[in-house]
Amino acid sequence: MEKKSRYNLLIVLAACVGSFLYGNAISIFATTLGKPQFFTYMGLDVVGPGADFANSMTAVWNCMLYVGAVIGGISYSFVSDRFGRKTPMVVGCVFAFIGSALQAGCVNIAMCAVSRVIDGVGIGMLLPAIPLYQAEVAPPHSRGLLVGLHGSALGFGNMFAQWMGCAFFYAGGQVAWRAPLAIQCLWPAILFGLTLVMPESPRWLYAHGHEERALKTLIKLHKDKNDDSDTFARHEFSIIKAQTDLDMEKGMMTTWQALKISSVRKRFIIGFLAMMGTQCSGLLVLLTYSPTIYEGLGFSPFMTNVMAAIWSTFNGLGNLGGAVIADRVGRRRQLISGYAGVLVCLIGATVLTKLYAGTASAGSKAAVFFIFGIIVLYTLGIEAASFVYASEIFPTQLRAQGVAFSMQGLFLSSILWTAVAAPAFKNIGWRFYCVFIATDVMMILTVYFLFPETKGYTLEQLSAVFGDEVVGDDVDEQPAEKGTETIEAGEKGDLSHIEYDGTKSL
């Protein structure tokens with residue numbers, strides 16, 4: 005019988021330090037941009053003739069983090085496949101520590117930009133590494149919850165960064181912005197230490213010839229004190245062994261070779277769209293440019309930091325809720341509901357910002373209500389579910405490549421939105437939200453028509469969902485209700501009866 009062991013949960017939570025690190029890294033600089041002392045030190049004027057240059061540098065600094073993340077993400081699959089799932093975490097921690105330290109000690113505009121790139125390389129390796137590792141150590145019916153904790157920890161990292169920004173807002177001189185940047189050095193140091201005691205992924209171990217170690221690791225992860233025979237762990241290992249052997253018979257493939265296979269190409273496209281959609285919801289812009297948004301609604305500089313901190317608190321709590329419901333409602337329903345809810349709140353925020361921007365009226369405060377609604381519905385329905393989905397849809401031999409490719413959707417769209425946001429807010433104001441209303445509608449349609457359901461499968465059984473051969477199962481697809489297909493599994497695989505929401509081939 006499947007059961008989450010305490011050890012399994014602790015290992016997943018240890019990996020979540022990397023998620024917390026990522027959330028802190030993408031948020032902490034937003035608090036820096038809300039500190040007048042930072043712009044004064046850098047010789048930038050936020051008002052007057054120099055304001056345009058200051059806005060341009062704000063966009064550059066924000067983009068540089070994701071430029072580095074693209075580099076780290078591209079490197080991830082090579083390091084992960086060759087050296088193990090933990091190694092990218094170690095390498096990512098080193099880059100993140102150096103980048104964070106340089107940000108805290110930066111003395112000019114150029115050094116700040118370079119430090120952001122270095123930090124970006126680190127988080128670019130960590131973002132795919134954490135959910136993939138969690139997916140490979142989690143039991144199938146709890147995978148949504150355990151991998152969803154990645155999104156929750158990321159949200160709590162956002163929250164911590166924003167409250168640190170508030171705590172040091174009135175600190176004297178450079179301490180106001182240097183101290184929060186320096187504190188973020190703690191998280192890569194902690195994760196680096198934890199990787200020394202975390203187990204390697206049993207799926208990676210088996211795929212690289214360490215069969216005995218893989219079985220021992222899996223038994224320890226899924227240990228049930230009421231089952232001395234370790235029935236569940238041994239059964240899961242037999243599925244991993246059989247499916248990995250079948251996949252390996254086909255030979256290792258490069259990403260380009262894999263993309264020639266329609267079922268694999270479908271996974272890569274869906275994974276990329278799932279992660280790109282997280283940024284096309286508008287949340288990153290709300291997070292990164294929160295000082296600009298709240299000041300535009302009439303709040304003082306200090307209150308903009310407080311509002312951003314409260315907003316980020318909902319980020320962590322909402323993602324925790326999203327992780328809890330992931331295995332109950334299914335990925336498709338969770339994603340569609342999330343995007344629909346965000347769409348409604350975006351429309352409300354857009355209308356009220358147009359009517360009441362720059363005033364301290366009740367209307368501007370109502371706009372804040374909708375902005376808070378966005379974070380609640382986004383985290384409950386989109387963020388945690390998207391990380392779970394992108395980490396689970398790829399076969400073992402292509403999982404690192406697939407997850408890394410999927411995260412490029414997040415990083416590349418992040419570069420786009422952070423680059424255009426500052427000039428967009430300045431030149432078109434509330435109309436910029438209309439772009440995200442359109443992208444939200446597109447994501448609802450994309451999930452409905454393209455994304456199959458993945459809840460409840462082992463990672464190996466998911467190959468059948470995408471039309472690939474699964475060892476020990478006679479797959480007989482029979483049309484059911486619209487958008488639904490049924491897989492009848494044979495006795496050898498002991499999979500009984502599995503249903504999933506089907507999609508058309510890409």
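According to our numbering, the sequence shown is numbered sequentially starting from 5.
From the three backbone atoms N, C-alpha and C, an ideal C-beta is built for every residue, glycine too.
Can you find a C-beta in chain C that's less than 8 Å from the C-beta of residue i?
i, result
"L250", "Here chain C cannot be found, since the structure has a single protein chain."
From what residue to what residue does the alpha helix (DSSP H) around residue i run?
i, result
"D232", "Careful: D232 lies outside any alpha helix (DSSP H) and carries neither H nor E."
"F42", "P40 to Y45"
"S60", "A55 to F87"
"R435", "First-last for R435: undefined, no H or E at that position."
"S104", "T91 to A108"
"E544", "The structure shown does not extend to residue 544, since the chain is modelled only from 5 to 510, so the question has no answer here."
"I397", "Run containing I397: none; DSSP gives neither H nor E here."
"T282", "S266 to C284"
"F173", "Counting along the chain, F173 falls outside any alpha helix (DSSP H), and DSSP gives it neither H nor E."
"V125", "I113 to V141"
"Q261", "T259 to A262"
"G27", "R10 to T36"
"T199", "L190 to T199"
"L384", "L384 -> no alpha helix (DSSP H), and no H or E assigned at all."
"P184", "V179 to I187"
How is residue i classed by DSSP in three states: helix, strand or coil?
i, result
"P305", "helix"
"G213", "coil"
"E464", "coil"
"V50", "coil"
"G334", "coil"
"V479", "Any answer about V479 is weak, because its pLDDT of 33 lies below 50 and its placement is not dependable; what the coordinates show is given next. Looking at V479 - three-state DSSP - the assignment turns out to be coil, as it is neither helix nor strand."
"K358", "helix"
"E495", "Below a pLDDT of 50, predicted positions are generally treated as unreliable, and E495, at 36, falls in that range; the measurement from the model is reported next regardless. E495: coil per DSSP, three-state reduction."
"K459", "coil"
"K245", "helix"
"E204", "coil"
"K254", "coil"
Between which residues of its own chain and residue i is the CB-CB distance below 7 Å, once the five residues before and five after are set aside?
i, result
"V268", "A262 and L402"
"F303", "M311"
"I223", "D234 and A237"
"L209", "R217, A218 and T221"
"F43", "V50 and A58"
"L150", "V16, Q138 and A142"
Spatial neighbours of residue i within its chain, please: CB distance less than 6 Å, with the 5 preceding and 5 following residues excluded, ordered by chain position.
i, result
"T221", "P203 and P206"
"Y504", "Residue placement at Y504 is poorly supported in this model, since its pLDDT is 36, which falls under 50; the coordinates are not used for a value here."
"F318", "I379 and V380"
"S84", "P92 and A404"
"H501", "Residue placement at H501 cannot be trusted, given a pLDDT of 35 that sits under 50; what the coordinates show is reported in the next sentence. Same-chain partners within the cutoff: there are none."
"L287", "Y382"
"F512", "Only positions 5 to 510 of the chain appear in the structure, and residue 512 is not among them; the question remains open."
"T259", "Q405"
"A211", "T248 and T400"
"V74", "F415"
"L384", "G322, G325 and G326"
To which residues of the same chain is residue i closer than 8 Å at the C-beta, ignoring the five residues directly before and after it?
i, result
"A175", "A183"
"W434", "T354, T357, K358 and A361"
"M61", "M46, L48 and I113"
"G77", "G128, M129, L131, P132, A408, M411, Q412 and F415"
"K486", "A caution first: K486 carries a pLDDT of 34, below 50, which makes its placement in the model unreliable, though a value can still be read off. Excluding positions up to five away in sequence, the list is empty."
At a threshold of 7 Å, does residue i count as lining the ligand SAM (C-beta to nearest heavy atom)?
i, result
"G27", "Ligands displayed in this structure: none; no statement on the ligand SAM is therefore possible."
ask   = Can at least three beta-carbon pairs, one atom from the segment 374-385 and one from the segment 28-44, be found at a separation below 8 Å?
value = no
task = Tell me, please, whether the segment 179-188 touches the segment 47-55 by the rule of three or more beta-carbon pairs shorter than 8 Å.
result = no
key: the segment 148-161 / the segment 16-31 touching (three or more Cβ pairs under 8 Å)   = yes
request  = Count the CB pairs spanning the segment 188-195 and the segment 52-70 that are closer than 8 Å, and state whether there are at least three.
outcome  = no
Given 8 Å, three or more beta-carbon pairs between the segment 432-450 and the segment 269-288 = yes
ask   = Just checking, does the segment 98-118 make contact with the segment 241-248 on the three C-beta pairs under 8 Å criterion?
value = no
ask   = Is the segment 87-97 touching the segment 124-131 in the sense that three or more CB pairs, one from each, lie closer than 8 Å?
value = yes
Meets three-Cβ-pair contact criterion under 8 Å: the segment 341-352 and the segment 192-201 = Cβ pair count under 8 Å is below three, so no.
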